[in-house]
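2 protein chains.
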Amino acid sequence: MSSKIEKLENKLGELSREINEKKIPVMILFEGPVASGKSRLSNELYMKLDAKYTEFIATKMPSEDDLRYPFLYSYWKTLPKRGSFNLYFRSWYAQFIQYKENRLKKSVYEDYDVLIEQIKHFEEMLIEDDYEIIKFYLNIDDDKRKEHIEKTKKNPLTKWKAEEYEQAIDESVYKETMDKLMKKTDSKLSPWHKIDYTEREETVEEMYEIIIEALEDALKRKSKKDEKREVDGDFTKDYKAEILTNNKEKIDKEDYNEILPKLQHRMRELQYALYERKIPLVLVYEGIDAAGKGGNIKRIRKELDPTGYKINAISAPTDVELDHHYLWRFATDMPRSGHIEFFDRSWYGRVLVERVEGFASVNEWKRAYDEINQYEKMLSDDGAIIMKFFITIDKDEQQERFEDRQEDEHKQWKITEEDWRNRENWDLYIEASEDMINKTSTDYAPWHVVPGNQKKYARIYALKEIIKACEKRLFGVERY
Amino acid sequence: MSSKIEKLENKLGELSREINEKKIPVMILFEGPVASGKSRLSNELYMKLDAKYTEFIATKMPSEDDLRYPFLYSYWKTLPKRGSFNLYFRSWYAQFIQYKENRLKKSVYEDYDVLIEQIKHFEEMLIEDDYEIIKFYLNIDDDKRKEHIEKTKKNPLTKWKAEEYEQAIDESVYKETMDKLMKKTDSKLSPWHKIDYTEREETVEEMYEIIIEALEDALKRKSKKDEKREVDGDFTKDYKAEILTNNKEKIDKEDYNEILPKLQHRMRELQYALYERKIPLVLVYEGIDAAGKGGNIKRIRKELDPTGYKINAISAPTDVELDHHYLWRFATDMPRSGHIEFFDRSWYGRVLVERVEGFASVNEWKRAYDEINQYEKMLSDDGAIIMKFFITIDKDEQQERFEDRQEDEHKQWKITEEDWRNRENWDLYIEASEDMINKTSTDYAPWHVVPGNQKKYARIYALKEIIKACEKRLFGVERY
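Chains Y and G are the protein sequences, given in the same order.
First residue of the first sequence: 1, per this note's numbering; consecutive thereafter.
First residue of the second sequence: 1001, per this note's numbering; consecutive thereafter.
See below:
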């Protein structure tokens, strides 16, 4: 081994341990035409990094099942933990080309360019969160490449591999599209590095040098950022919660008892219709403690087929979840096509409890509005109906409900010291909620503010809105 | 709502919170012919349990991708956390019938009855680990059932669902096979409960009563067990580590340099051949600190295609992992067909470090030998080649390697206080290793004790053994 490579390897070893310690997540992408040396080069790197915090992720032709989830789903799920390295053999770029060239999910994507936008937002969002993304594009001398393919073909044990090469995306299409993609996604903080694999040893050295420089930069940026990290909120405390004051609506008990089962029966029919048409439905519930979120959700699910819906009841994140981007824990809950996902609290925790309690820095929760809009846009691009319900109650009503819970032996478990503590921050929660509704109500994922002082009214209200939205999508008309 | 049901629901609520607190994992299965009420009954229960610790798992027709993993893979992956409830709409029983009737993976399973054995061992193992398994088989009056199917067919929105019914497994086959399966898997601690769904309200009551009784029993068993829990080891300390004393073999440096690249090249060819034939290869490495496991693995992977192998470097379990059966964390690493999984340390931690350090009780590590044998049998039933390497070095050799690491600035990070502490338990580790090798060497997953004082010898030894085993499986002959 040349002593230059040895030095680079030692340097890389040192830096990777420091990266691990400082908890910076690193993603290293290998793109390039078939037989350009991606597998050998990435294996070289894979062997040099500590297996305890290194994952190797190969992008394959998506399976039937993969196609039932959003385009970036598998990359979201496998995001590296803070301090870990992910190596990607082909990546979301190759996957984009597969989707576009093979017209995958063509009934969902009218224009495949929305996926390029998703890729850009995905990378930007991760970089904002201190992820280091290093992108390699490999080239190889054409004679060498052909020679390699011929050799693979001649060996009876590896012949099928060469055949696989030939079935991949047409090479000129791959190269041409990658050229365009690289131009669109080359940025200061995650530039593309084109390297040539004709001479193995030189290429390995070049790769190490690029990675070393990138990791050194990442460490510098991180320590600068840690210095100036702010964690206090910036509440003005003179807000007017106009949006959230409309709480007086009521419904008669008789009307409620008559209409509820009908709506629930309709929900079941619509669930089957959504399933058949493979349309996912995402229902997000937010609202202050005791607003009636869980009870409202129960009324929606009463007649549903449980094989087609899921309840995600969100509590404080686990250690593993804290070691990822805050949206990561929700990535496994992206809806499967035709399924219904309920969220009893959600990613909006970032701009509610995390803002109010200071768990997120000002910079973090402020940029979260846009990140969330992009995240929901991604679900919507993928065909999902997204509805968000904010159930609002008065402060007096909450007091009454808390006392009720304390007095009823079967409900006592529902109320804790923490609930009373949170109540002291009532005004801050309301202000945060109002900001949230203003900044994240979009055409594709609107907020519905639900008057909640009377639970029955809130339930009928939500049921009707959901039915209306589903019917509109399914049949193009509203019946209610 | 009848007040009897209300009382049962309150009782169930109380018990489920206690189960959650006492960290007992609960699995509730719903089997039964199509349109027998499984979905409505399980939804009733799903709504009553706290969504924070309840998952609903629907068994579907396995996808192409599912078939690349062992039969029980998806159930392993989704095992409930301690204190959580999993509801199964159809389960491994229905899946068994799908496999058998549709002859799925028929090239792998000559006799589908091995899967029944797997199911029995799976349940027994979980019950030993305090999992509570409640199994329901639903029946319904035949007229009611037909009426329900007709109604579903008439509604244009649910018509496809009825068609799905008709495509399911032939009903008489399902009933007949389930009868046999229930007889074989009815045990004192996880009996089958046949209930009739003809009258909805009665059925719901019956279900609650059965679950309440089972949960009460589980809580009693758990508190009894906690009382008499032993955690000390039972080392005799007069062992003779005969198996592990053969450490003197050496290889010439020139021979090594000549033969190593040839074997590595052969490994790459064999990797492709295994991939084409879809044979998984599992390589487990154990051995005391500094035995040379990582370096040995590196020599095997040198020329491999990284898209087809994975390194699992096992450290101390995370909190989430500790909240599951100890084998759960390895379940996601079950090999995909045609792929190679390396384990740098493994599930054998249960009978090594966990035994020596007292992290596992005597009862736990003693029963682990058999559990591990069954686990590996399951991988083997599924076509995997399993090889386990125990690299052995002398105590003096370890001392030297530790000192080397301390002196070399690029290796210092590898050695910690903990390594020196573990060294004090050298004899206990050796005894535990010897027990392990004696109790878990099987035809389908043999241990190879590798003389490790000279690293080069150990590497060539392992490479040759792996190549030999792969060639034997692939071509039916041994070349080395």
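Where is the CB? At the ideal position from N, CA and C, for every residue including glycine.
Could you name the residues of the same chain whose beta carbon sits closer than 6 Å to that of residue i, not counting the 5 residues immediately before and after it, in chain order?
i, result
"R1090 of chain G", "T1059"
"A1488 of chain G", "Residue 1488 of chain G cannot be examined here, being either before or after the span of chain G that is shown, 1001 to 1480."
"G1452 of chain G", "A1291, G1292, I1391, T1392, I1393 and A1458"
"P1062 of chain G", "none"
"Q1095 of chain G", "T1059"
"W1076 of chain G", "A1331"
"A313 of chain Y", "D344"
For residue i, I'd like the list of residues in its chain whose CB is within less than 8 Å of its CB, leaving aside the five on either flank, ordered along the chain.
i, result
"T1152 of chain G", "A1035, T1158, K1159, K1161, A1162 and Y1165"
"E21 of chain Y", "G83"
"V356 of chain Y", "G233, N425, L428, Y429 and A432"
"Y112 of chain Y", "F96, Y99 and K100"
"D1333 of chain G", "K1310, N1312, E1341 and F1343"
Report yes if the C-beta distance between residue i and residue j is below 7 Å; otherwise report no.
i, j, result
"D1130 of chain G", "K1222 of chain G", "yes"
"I1024 of chain G", "A1218 of chain G", "yes"
"W1328 of chain G", "V1351 of chain G", "no"
"Y1272 of chain G", "K1194 of chain G", "no"
"W1420 of chain G", "K1395 of chain G", "no"
"K105 of chain Y", "L29 of chain Y", "no"
"A51 of chain Y", "I1311 of chain G", "yes"
"P1335 of chain G", "P1261 of chain G", "no"
"L263 of chain Y", "L463 of chain Y", "yes"
"N86 of chain Y", "M182 of chain Y", "no"
"A1469 of chain G", "I1372 of chain G", "no"
"Y1275 of chain G", "G1358 of chain G", "no"
"Y1197 of chain G", "L1012 of chain G", "no"
"F71 of chain Y", "P1306 of chain G", "no"
"Y1348 of chain G", "M1436 of chain G", "yes"
"K414 of chain Y", "R405 of chain Y", "yes"
"A1014 of chain G", "K1048 of chain G", "Looking at the sequence shown, residue 1014 of chain G is not Ala but Glu. No. Outside cutoff."
"E1340 of chain G", "Y1375 of chain G", "The sequence given here places Ile at residue 1340 of chain G; Glu does not occur at that position. Not a contact, by the Cβ cut-off of 7 Å."
"L189 of chain Y", "I119 of chain Y", "no"
"I466 of chain Y", "I251 of chain Y", "no"
"D1319 of chain G", "D143 of chain Y", "no"
"V114 of chain Y", "G383 of chain Y", "no"
"E123 of chain Y", "I133 of chain Y", "yes"
Tell me which same chain residues have a C-beta within less than 7 Å of the C-beta of residue i, skipping the five on either side of it?
i, result
"D66 of chain Y", "S74"
"P33 of chain Y", "E171, Y174 and K175"
"E1044 of chain G", "V1204"
"M1178 of chain G", "E1031, Y1093 and Y1137"
"I1149 of chain G", "A1035, A1162 and Y1165"
"Y1256 of chain G", "K1456 and I1460"
"G1287 of chain G", "K1293, F1390, I1391, T1392 and G1452"
On the DSSP bridge assignment, give the partners of residue i in chain order.
i, result
"G287 of chain Y", "Y:I391"
"I1386 of chain G", "G:V1282"
"D1255 of chain G", "DSSP output for D1255 of chain G lists no bridge partner at all."
"I1134 of chain G", "G:I1028"
"F1402 of chain G", "None; F1402 of chain G has no bridge partner."
"D1311 of chain G", "Before going on, a small fix: residue 1311 of chain G reads as Ile here, not Asp. Answer is G:F1342."
"V450 of chain Y", "Y:I391"
May I ask you to check if the CB of residue i is nearer than 6 Å to at least one heavy atom of the ligand ATP?
i, result
"M1125 of chain G", "No copy of the ligand ATP occurs in the structure displayed, which carries no ligand at all."
Under 8 Å (Cβ pairs) to chain G, residues found in the segment 403 to 414 of chain Y: H410 and W413
Contact residues within the segment 424 to 443 of chain Y, judged by C-beta distance below 8 Å to chain G: none
Interface positions of the segment 1284 to 1310 of chain G facing chain Y (Cβ-Cβ less than 9 Å), listed along the chain: G1294, I1297, K1298, R1301, K1302, E1303, L1304, D1305, P1306, T1307, G1308, Y1309 and K1310
Members of the segment 143 to 168 of chain Y that neighbour chain G once the beta carbon cut-off is set at 7 Å: N155, L157, T158, W160 and K161
Cβ-based contacts, 8 Å cut-off: residues of the segment 1089 to 1110 of chain G near chain Y: F1089
Contact residues within the segment 10 to 30 of chain Y, judged by C-beta distance below 9 Å to chain G: Listed by position, the residues of the segment 10 to 30 of chain Y near chain G (Cβ gap below 9 Å) are N10, G13, E14 and R17.
Any 3 or more C-beta pairs closer than 8 Å across the segment 291 to 304 of chain Y and the segment 338 to 350 of chain Y: yes
Chain Y contacts made by the segment 1046 to 1069 of chain G, where a contact means CB separation under 7 Å: Identification of residues in the segment 1046 to 1069 of chain G having a C-beta nearer than 7 Å to some C-beta of chain Y yields Y1046, M1047, A1051, K1052, F1056, A1058, S1063, E1064 and D1065, given in sequence order.
Validate contact between the segment 1377 to 1391 of chain G and the segment 1432 to 1448 of chain G using beta carbons, cut 8 Å, 3 pairs: yes
Interface residues of the segment 1310 to 1324 of chain G facing chain Y [CB-CB below 8 Å]: K1310, I1311, N1312, A1313, S1315, T1318, D1319 and V1320
Chain G contacts from the segment 338 to 355 of chain Y (Cβ-Cβ distance under 9 Å): Taking 9 Å as the Cβ-Cβ cut-off against chain G, the residues of the segment 338 to 355 of chain Y that qualify are F342 and D344.
Proximal residues, the segment 239 to 270 of chain Y versus chain G, C-beta separation under 7 Å: The segment 239 to 270 of chain Y vs chain G, Cβ under 7 Å: E269.
Within 7 Å of chain Y by C-beta, residues of the segment 1031 to 1046 of chain G in sequence order: S1039, S1042, N1043 and Y1046
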